[in-house]
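For the sequence shown, counting from 1, position 7 maps to 115 in my numbering; every step adds exactly one. Just so you know, even glycine gets a beta-carbon here, dropped at the ideal spot from N, CA and C.
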Amino acid sequence: MHDYEEELYLFDSAGKEVFMDMLEKQWGEPSVLCLVFDVTSEPSFKSCARWLDRVRAQCHSLQLPGVLVGNKTDLSARRAVEFTTAQEWASNQGLEYCETSAKEMENYEAPFQSLAQAFHRIYQERLEVIQSLA
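Given below as structure tokens:
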């Protein structure tokens, strides 16, 4: 059990291209990233690469930790993106991978826990740098 509590402020872009200019201004410089796609939609999965490129273009840090989330696992009969395909792509991008069903509320905590842990790790590293300068 950890002795800290993290509070995440989320910005949901909903994957809509029409809002791109506004979204990039709202993002600022993110600390962590969560990309969500629909496991029943290959185009949804493929769009993650474009979104990741856009976020990385905004972010000036060398590494942006994050998680790729495959959603709608409750629709297994309509699955178009295999677990291993998504997991491999996420790993190649330096992202964690998990799957969830928001509808069934299955495994919905995992991406948030991963993001909170990554944020805390970044915070600790920055704190150590600041303390070493004092």
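Excluding the 5 residues flanking Cys142 on each side, which residues of the same chain have their C-beta closer than 7 Å to its C-beta? Residue numbering aside, residue 142 sits at position 34 when the sequence shown is read from its first letter. Around Cys142: Gly174, Val175, Val177, Pro219, Leu223.
Could you say which of Lys154, Asp161, Arg164, Ala165 lies nearest to Val189 if we only look at CA atoms? Taking the first residue of the sequence shown as position 1, residue 189 is located at position 81. Among Lys154, Asp161, Arg164, Ala165, the Cα nearest to that of Val189 is on Lys154.
By the 10 Å Cβ neighbour count, where 16 or more other Cβ atoms means buried, how is Leu203 classified, buried or exposed? The residue given as residue 203 occupies position 95 in the sequence shown. By the C-beta density criterion, Leu203 is buried, having at least 16 other C-beta atoms within 10 angstroms.
Short of 7 Å in beta carbon distance, which residues of its chain neighbour Thr148, apart from the five on each side in sequence? Order them along the chain. Here the question's residue 148 lines up with position 40 in the sequence shown. So the qualifying residues of the chain are Lys180, Leu183, Arg186, Arg187, Ala188.
Go through its chain and collect everything with a Cβ distance to Ile230's Cβ below 8 Å, but skip five positions before and after it. The count along the sequence shown starts at 1 and reaches residue 230 at position 122. Within the same chain, Ile230 has close Cβ partners Ser139, Val140, Pro173.
So, helix, strand or coil for Leu160, using DSSP? Mapped onto the sequence shown, residue 160 falls at position 52. Leu160: helix per DSSP, three-state reduction.
So what does Val175 bridge to, in DSSP terms? Counted from its first residue, the sequence shown places residue 175 at position 67. DSSP lists Cys142, Glu204 as partners of Val175.
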